[in-house]
Amino acid sequence: MNVVDALLDKHLITPEQLAEAQEQAAEAGTRVDRALITLGHIDEEDMLRVASEQLFIPVADLSPLRIDREAIESMPSKIVHQKRIVPVERVNGSLKVATSDPYDLYAFDELRLMTGLEILPVLALEDQINTAIKTYYGLGGDTINDLIGDDVETIEVTEGAEDLLEMAQEASVIKLVNEIFLEALNERASDIHIEPYENDLKVRYRIDGVLQDASVPPEIRRFQAAIISRIKIMSHLNIAEKRLPQDGRINLSVGGRQIDIRVSVIPMLFGEGIVMRILDKANVLFTLPELGMAEDTFEVFEDQIKRPHGIILVTGPTGSGKTTTLYAALSAIVGDEIKVLTVEDPVEYHLQGVNQIQVNPKIEFSFARGLRAILRHDPDVVMIGEIRDRETAEAAIQAALTGHLVLSTLHTNDASSAATRLIDMGIEPFLVTSTLNAAMAQRLVRRICPHCKEEYEPDRDKLPRDFDLPEGQKIYRGKGCRRCHDTGYLGRTGLYELMASSPEISEKVLARASAHAIEQVARTQGLRLLREDGWRKVREGLTTPAEVVRCTKV
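Position 377, counted from 1, in the sequence shown is what our numbering calls 373; the numbers after and before it change by one each time, with no gaps.
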């Protein structure tokens, strides 16, 4: 019985589904089993299981697999990339090889001739095979093999602008850079770092706020100039200029998704380093309930953003999700009855129903100047990307005093420092107390991976002293799996410290009290610190003690 007959016999597909797959296979020039998977009539796992029974080839799970060096060295990388097969283990005179296509017998025959070993095939899921190839043979390894087959000497010695331009537009270089971008998007990376060293070129992705090395072949170092030139061309930068920093943007369309990439190029000791910030609209939350605020914090914040005037500040370091929170707040209040205007540097995401303006320092169009101009456009709500200086702070205060609700960000470590920071900028305390409605500090912590989450009893002697864990209560951690790349974390959630203004807090601000003194008063009124919000999320099973310690201070 062939595999398709077996699928019918086991009632895993219907005759109608088979007929549809046969029709598509004939049109596309592919096999019927592939068409059944593409149409969604059967999943790949069931297909492999039935193929295993019919062809007497065992199924292997590659997700926890650690391939030994001897097996990797037994198999030429060229055939790995061409045939999409990976070595599993080498035992005496045989080599166990994983494939997702049991019908490609030529691959096994070719491998038998090349290695002189007996080949023992096993079946594995296609995405597991692709992950193993990237892990052990490097991202873009097949493309680099193609490049190595070209005239490498020319690539290594030519340094003129015309040669670089020609080299950067080679099909293989374009494909390699595209693979770097696609891998970053597949891994949900927020940044791509390309870092030149004396004998190495590193590619790193920032995933869930933490940098992780991308597995790339060591030969990628030979194509450093070509890769950097290609990225410069995409960013509309000067490829001949290697002495000065340059900034640019790349707009990509990937599977119907619009991706905006901000590019920064800086000359370093062993070449130019590049950092690219990925702005992917599909991965951004624009609704407040999804941000991870505790219910009581959410209720207070929602009440604050619906007030007619005043200033609401979101504080925290770069990359703590401040802009996303402001966008979510705007999305919650935007409507036909109110006009919302923003001044940003740059405009990261487009919001429906919101008028957005981008500042341009080159023509002296600053936050303060933009804010003063948009007040003449009769807005109800104004968002300023960041209050950086006294001029912008004064413009924000003026906007709040004249009946507008102003949302903005500020670089402070906690909520209680927001008022003192404005005073340090030169704003009079009475103006701060008259306009500042609330300040909210935030951080992003990694979520425990739901696919490998496990409950455990922690060693209480090793827990931070300020973590109050009731006796007998267990907490959670991620064991590590292929979906989270063995990190135990997948995605992020926010920690929030919301301080709403009150007469007692205003009194401290007027007296120019320290941030610590303001915090002490706010604590008596129910302020929950970032770290305390973190411990709450640990008890709820959302994150781990290590993450809270990494992102907050005592």
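Ideal Cβ placement from N, Cα and C applies to all residues, glycine included.
Being a predicted model, the structure only gives us computed values, none of them experimental.
Between the CA atoms of residue j and residue i - distance to the nearest angstrom
i           : j           : result
residue 155 : residue 236 : Any reading at residue 155 is ruled out, since the residue's pLDDT is 45, under 50, leaving its predicted position unreliable.
residue 119 : residue 134 : 22 Å
residue 192 : residue 200 : 11 Å
residue 102 : residue 114 : 14 Å
residue 504 : residue 195 : 57 Å
residue 482 : residue 412 : 38 Å
residue 187 : residue 203 : 8 Å
residue 450 : residue 472 : 6 Å
residue 223 : residue 242 : 16 Å
residue 98  : residue 247 : 40 Å
residue 251 : residue 35  : 18 Å
residue 369 : residue 244 : 27 Å
residue 213 : residue 240 : 29 Å
residue 32  : residue 17  : 5 Å
residue 346 : residue 385 : 26 Å
residue 546 : residue 533 : 14 Å
residue 182 : residue 206 : 16 Å
residue 87  : residue 70  : 11 Å
residue 167 : residue 277 : 28 Å
residue 388 : residue 421 : 10 Å
residue 541 : residue 521 : 26 Å
residue 287 : residue 57  : 35 Å
residue 454 : residue 516 : 31 Å
Start and end residues, beta strand (DSSP E) containing residue i
i           : result
residue 262 : 253 to 264
residue 437 : 432 to 444
residue 496 : 485 to 496
residue 473 : 471 to 474
residue 83  : 82 to 87
residue 402 : 401 to 406
residue 452 : 449 to 452
residue 311 : 306 to 311
One or two residues paired with residue i in a DSSP bridge
i           : result
residue 191 : 198
residue 551 : This structure cannot speak to residue 551, because the chain is shown only from -3 to 550.
residue 351 : 337
residue 551 : This structure cannot settle anything about residue 551, because the visible part of the chain is limited to -3 through 550.
residue 92  : 85, 116
residue 379 : 338, 403
residue 268 : 263
residue 522 : BP columns for residue 522 are empty, so no partner.
residue 209 : 200
residue 134 : According to DSSP, residue 134 bridges with nothing at all.
residue 539 : Answer is none; residue 539 lacks a bridge partner.
residue 243 : 260
residue 185 : 203
First and last residue of the uninterrupted alpha helix (DSSP H) at residue i
i           : result
residue 394 : 386 to 397
residue 32  : 28 to 34
residue 551 : Nothing can be reported for residue 551: it is not among the residues displayed for the chain, which extend from -3 to 550.
Sequence-distant residues of its chain with Cβ nearer than 8 Å to residue i (five each side left out)
i           : result
residue 569 : Residue 569 lies beyond the residue range present for the chain, which begins at -3 and ends at 550; the question has no answer from this structure.
residue 129 : 76, 77, 80, 82, 137
residue 496 : 296, 300, 433, 434
residue 220 : 192, 197, 267
residue 11  : 4
residue 550 : 460, 462, 527
Beta-carbon contacts of residue i that lie in its chain and below 7 Å, excluding the five residues immediately before and after
i           : result
residue 85  : 64, 67, 92
residue 310 : 318, 321, 322, 405, 436, 438
residue 59  : 124, 477, 478
residue 431 : 306, 307, 393, 396, 397
residue 419 : 425, 428, 508
residue 316 : 438, 439, 440
Close-in-space but distant-in-sequence residues of the same chain around residue i (CB under 6 Å, 5 per side omitted)
i           : result
residue 150 : For residue 150, the pLDDT reaches just 38, beneath the cut-off of 50, and the residue's location in the model is therefore unreliable, although a value from the coordinates is still provided. Within the same chain, residue 150 has no close Cβ partners at all.
residue 228 : 235
residue 513 : 504
residue 233 : 242, 244
Min CB distance residue i to chain D below 9 Å
i           : result
residue 228 : The chain labelled as chain D is not found in the depicted structure, where only one protein chain is given.
Determine, using beta-carbon pairs with one atom in the stretch 298 to 309 and one in the stretch 399 to 419, whether at least three such pairs fall under 8 Å.
yes
Determine, using beta-carbon pairs with one atom in the stretch 375 to 395 and one in the stretch 323 to 335, whether at least three such pairs fall under 8 Å.
yes
Indicate whether the contact test is met: 3 or more Cβ pairs, each with one atom in the stretch 263 to 280 and one in the stretch 355 to 362, closer than 8 Å.
Cβ pair count under 8 Å is below three, so no.
For the stretch 388 to 395 and the stretch 471 to 481, state whether three or more C-beta atom pairs, one from each stretch, are separated by less than 8 Å.
Because the criterion of three Cβ pairs below 8 Å is not met, the stretch 388 to 395 and the stretch 471 to 481 do not touch.
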